[in-house]
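*Asks:* Got a structure for you, questions after.
What follows is the structure, encoded as structure tokens:
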């Protein structure tokens with residue numbers, strides 16, 4: 001597994017960052033730079049099968065492998081943190097689902113100061129016809145590694161032409177997913193909804209209002225059912241990758257302010 005950290009010179013706390021479908025942690029360098037300037041070290045990596053990590057591209061046998069990978073980054077962050085320093089876990093899209101499942105399955109949630117999600121993949125925007133869902137279940141048994149396009153186009157991730165061009169030309173991005181990956185995604189989303197009451201840490205969710213990949217209404221409903229303190233903000237007009245939109249500075253400022261408040265309440 002390929003992992004990485006961006007250390008802050010005067011560290012006040014740590015953030016574990018989880019990337020989304022088909023991408024890699026390098027696309028969050030600007031996020032890490034912003035956090036580093038404010039004293040937050042960032043620990044991350046490429047999930048199995050994505051970016052520079054080992055594994056069949058766009059495939060996962062079991063969603064738990066993603067959660068286990070985050071566990072490795074969490075231990076690295078904890079090892080680097082001084083006593084009583086806050087630790088946040090932050091995930092985008094698929095990474096938001098992975099981060100959610102990590103928190104829900106964590107044996108020691110008290111070690112996590114808060115959960116930050118951007119356009120988390122908790123329900124897909126487009127519903128899949130019943131016949132396609134049945135076909136996917138059959139293929140999952142007979143040909144689970146069959147790869148298909150993930151359906152994500154550069155114009156869906158951001159309105160910024162420069163971001164779209166970089167997304168299109170990035171050799172580490174991968175535009176396919178396997179049948180098993182899709183089935184594991186569906187299972188993980190169902191479990192995330194079923195176990196909402198297991199989220200016992202403060203949560204900040206920043207959801208793209210013009211999201212054609214993730215169902216923004218469903219994300220808002222999901223957040224409303226979390227028993228811990230939550231803050232939800234829908235950014236109207238923004239596309240899926242809110243941290244790569246022209247308004248990204250506002251998103252980062254909102255996130256940093258929430259982290260500061262949460263850290264003071266430890």
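Numbering (the UniProt record's numbering), first residue to last: 1 to 266.
C-beta atoms are modelled at their ideal positions from N, C-alpha and C, and glycine is treated no differently.
1. So what does DSSP say about residue 235, is it helix, strand or coil?
2. Between the segment 110-130 and the segment 85-92, can you find at least three pairs of beta-carbon atoms closer than 8 Å?
3. If you follow the alpha helix (DSSP H) that residue 95 is part of, which residue opens it and which one closes it?
4. On the DSSP bridge list, what partners appear for residue 149?
5. Rounded to the nearest angstrom, what separates residue 8 and residue 42 at their Cα positions?
6. For residue 161, I'd like the list of residues in its chain whose CB is within less than 7 Å of its CB, leaving aside the five on either flank, ordered along the chain.
7. So residue 204 packs on residue 241, CB below 8 Å; how close in whole Å?
8. May I have a chain-ordered list of the beta strand (DSSP E) segments no shorter than 3 residues that lie completely inside the segment 22-102?
9. Whose C-alpha, out of 119, 108 and 18, is nearest the C-alpha of residue 73?
10. Kindly confirm or deny that the segment 170-177 and the segment 250-266 touch, where touching means at least three C-beta pairs closer than 8 Å.
11. In whole angstroms, what is the alpha-carbon distance linking residue 215 and residue 27?
12. Measure the C-alpha to C-alpha separation of residue 208 and residue 23 and round it to an integer number of angstroms.
13. Taking residue 184 as the reference, which of 243, 94 and 76 has the closest Cα?
14. Excluding the five sequence neighbours on either side, which residues of its own chain have a C-beta within less than 7 Å of the C-beta of residue 77, listed in chain order?
15. Considering just the uninterrupted stretch of the beta strand (DSSP E) at residue 266, what are its terminal residues?
16. Residues in its own chain within less than 6 Å of residue 100 by CB, not counting five upstream and five downstream?
17. Three or more beta-carbon pairs under 8 Å between the segment 221-235 and the segment 138-151, yes or no?
18. Less than 8 Å between the beta carbons of residue 59 and residue 180, yes or no?
19. Reducing DSSP to helix, strand and coil, say where residue 11 ends up.
20. What does DSSP give as the partner residues of residue 115 in its beta bridges?
21. Which one or two residues does DSSP pair with residue 4 in a beta bridge?
22. Within the same chain, show all residues whose beta-carbon is closer than 7 Å to that of residue 35, passing over the 5 residues directly before and after it, in chain order.
23. Taking 8 Å as the limit between beta carbons, can you name the residues of its chain near residue 247, skipping five residues before and five after?
24. Below 8 Å between beta carbons: does that hold for residue 254 and residue 222?
25. For residue 191, name the three-state secondary structure that DSSP assigns.
26. For residue 46, count the other beta carbons within 10 Å of its own beta carbon; 16 or more makes it buried, fewer makes it exposed. Which is it?
27. Report the CB separation of residue 63 from residue 188 in whole angstroms; it is logged as a contact under 8 Å.
*Replies:* Judging by the given coordinates:
1. Looking up residue 235 in the chain shown gives position 235. Strand at residue 235.
2. yes
3. Taking the chain shown and counting its residues from 1, the one referred to as residue 95 is at position 95. From DSSP, the alpha helix (DSSP H) with residue 95 extends over 94-105.
4. Counted from its first residue, the chain shown places residue 149 at position 149. Answer is 176, bridged to residue 149.
5. Sequence index remark: in the chain shown, residue 8 carries index 8 (1-based). Sequence index remark: in the chain shown, residue 42 carries index 42 (1-based). Rounded to the nearest angstrom, the two C-alpha atoms are 8 Å apart.
6. Here residue 161 refers to the residue found at position 161 when the chain shown is read from its first residue. Once the five neighbours on either side are set aside, residue 161 has no close Cβ partner at all.
7. Within the chain shown, the letter at position 204 stands for residue 204. Within the chain shown, the letter at position 241 stands for residue 241. Wrong, their Cβ atoms sit about 17 Å apart, outside the cutoff.
8. 40-45 and 87-92
9. On the chain shown, residue 73 is found 73 positions in, with the first residue counted as 1. The shortest Cα separation from residue 73 among 119, 108 and 18 belongs to 18.
10. no
11. As a working mapping, residue 215 is identified with position 215 in the chain shown. As a working mapping, residue 27 is identified with position 27 in the chain shown. Taking the straight line from one Cα to the other gives about 23 Å.
12. Here residue 208 refers to the residue found at position 208 of the chain shown. Here residue 23 refers to the residue found at position 23 of the chain shown. If I take the Cα positions, the gap works out to 18 Å.
13. Mapped onto the chain shown, residue 184 falls at position 184. Taking only the C-alpha atoms, the option nearest residue 184 is 94.
14. Taking the first residue of the chain shown as position 1, residue 77 is located at position 77. 14, 16, 43 and 87.
15. Looking up residue 266 in the chain shown gives position 266. From DSSP, residue 266 is part of no beta strand (DSSP E); its letter is neither H nor E.
16. Along the chain shown, read from residue 1 onward, the residue named residue 100 stands at position 100. So the list reads 192, once near-sequence residues are dropped.
17. no
18. One-based indexing of the chain shown puts residue 59 at position 59. One-based indexing of the chain shown puts residue 180 at position 180. In contact: residue 59 and residue 180 (Cβ atoms closer than 8 Å).
19. Position 11 of the chain shown, counting from 1, holds the residue named residue 11. DSSP places residue 11 in coil when its eight states are reduced to three.
20. Numbered from 1 along the chain shown, position 115 holds the residue referred to as residue 115. The partner list for residue 115 (beta bridge, DSSP) reads 89 and 203.
21. Indexing the chain shown from 1 puts residue 4 at position 4. Its beta-bridge partners are 44.
22. If you number the chain shown from 1, residue 35 lands on position 35. Hits under 7 Å: 15 and 42.
23. By 1-based counting over the chain shown, the position of residue 247 is 247. Taken in chain order, the residues that qualify are 235 and 238.
24. Stepping through the chain shown from its first residue, residue 254 is reached at position 254. Stepping through the chain shown from its first residue, residue 222 is reached at position 222. No, these two residues do not count as a Cβ contact at 8 Å.
25. Within the chain shown, the letter at position 191 stands for residue 191. Looking at residue 191 - three-state DSSP - the assignment turns out to be helix.
26. Translated into the one-based positions of the chain shown, residue 46 becomes position 46. By the neighbour-count rule (16 or more Cβ atoms within 10 Å), residue 46 is buried.
27. The count along the chain shown starts at 1 and reaches residue 63 at position 63. The count along the chain shown starts at 1 and reaches residue 188 at position 188. Indeed, because the Cβ distance is near 4 Å, the residues count as touching under 8 Å.
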